[in-house]
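In this text, residue positions in the sequence shown follow the UniProt record's numbering: the first is 1, and each later residue adds one.
Each residue gets a CB set at the ideal place from its N, CA and C atoms; glycine is no exception.
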Amino acid sequence: MGTIPGKIFLVTGPPGVGKTTLITRVFESLKSSKPDLKIQGFFTREIREGTERIGFQVVTLDGRTAPLASSSISHPDTYRWPAVGKYKVDVKSFESVALPEMQIREDTDLFIIDEVGKMELFSTPFIEAVERVLELNVPLLASIPQPKYSSDPPIVAKLRNEPRATIFTLHPSNRDAAKNEMFPGRVCCICETYEHTKE
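What follows is the structure, encoded as structure tokens:
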């Protein structure tokens, strides 16, 4: 591992502002400019039918997918699943794909976790995996919910208060510049610096 603690980038903002799009853009930029970087993690992507959002799926960095949440009742077990608004969360499905992507490997240069949100936090093993990632010196790029009326869940508060963390609040007036220029370059520089510490 590197001797310099890895930087933590946290992306927050209102729902639908483009947090996942920004993180995906960063990943694609890193993959093309630094193909030797070892990146682990996952994205959370909307599932839509026409213009209607009907659920979410978890997507690994190599393109494998699994259901995360759905607004439809597909079988009797669904009634026992935890809910966020109209969406029922399939915790086992999420864990089956996300948790292996968060296993610690010695050669990892960057973790991507999109998102440390309400749905994902129904999984205790996921929370424990985030805790383990925080114990490492590896750079981390993650999205977190924008705080509302209540306080943050403990793991989100820990991320937000981490001394290594830089919080980037995405909103309509800055998202285009962030997606196209500023943010990908900053993360790339941090990963490049960290990579050199391992040599």
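Mind checking which residues open and close the alpha helix (DSSP H) that includes residue i?
| i | result |
| --- | --- |
| T166 | Here T166 belongs to no alpha helix (DSSP H); instead the beta strand (DSSP E) covers A165 to T169. |
| L136 | Unbroken run through L136: none, as it is neither H nor E. |
| residue 202 | The question about residue 202 has no answer, for the chain in this structure spans 1 to 199. |
Under 8 Å, Cβ to Cβ, is there at least one residue of chain B near residue i?
| i | result |
| --- | --- |
| S71 | Any reference to chain B falls outside this structure, which holds one protein chain only. |
Are the beta-carbon atoms belonging to residue i and residue j less than 8 Å from one another?
| i | j | result |
| --- | --- | --- |
| I39 | E162 | no |
| T24 | T44 | no |
| I104 | L140 | no |
| P67 | G55 | yes |
| V156 | I144 | yes |
| L134 | I127 | no |
| residue 219 | V58 | Since the first residue of the chain shown is 1 and the last is 199, residue 219 is not available in this structure. |
| D114 | A142 | yes |
| H171 | G16 | no |
| L159 | I112 | no |
| S71 | E95 | no |
| A178 | L30 | no |
Checking the sheet assignment: what are the DSSP bridge partners for residue i?
| i | result |
| --- | --- |
| F126 | Answer is none; F126 lacks a bridge partner. |
How would you write the range of the beta strand (DSSP E) that residue i sits in, first residue to last?
| i | result |
| --- | --- |
| A142 | L140 to S143 |
| L10 | I8 to T12 |
What did DSSP end up calling residue i once you bin it into helix, strand or coil?
| i | result |
| --- | --- |
| P15 | coil |
- Message: Which runs of the beta strand (DSSP E) at least 3 residues long sit entirely within the stretch 57-116? Give them in chain order.
- Response: 65-70, 87-89 and 110-113
- Could you name each continuous alpha helix (DSSP H) segment of 4 residues or more that falls completely within the stretch 17-58, going from the start of the chain to the end? Counting only runs of 4 or more, we get 19-33.
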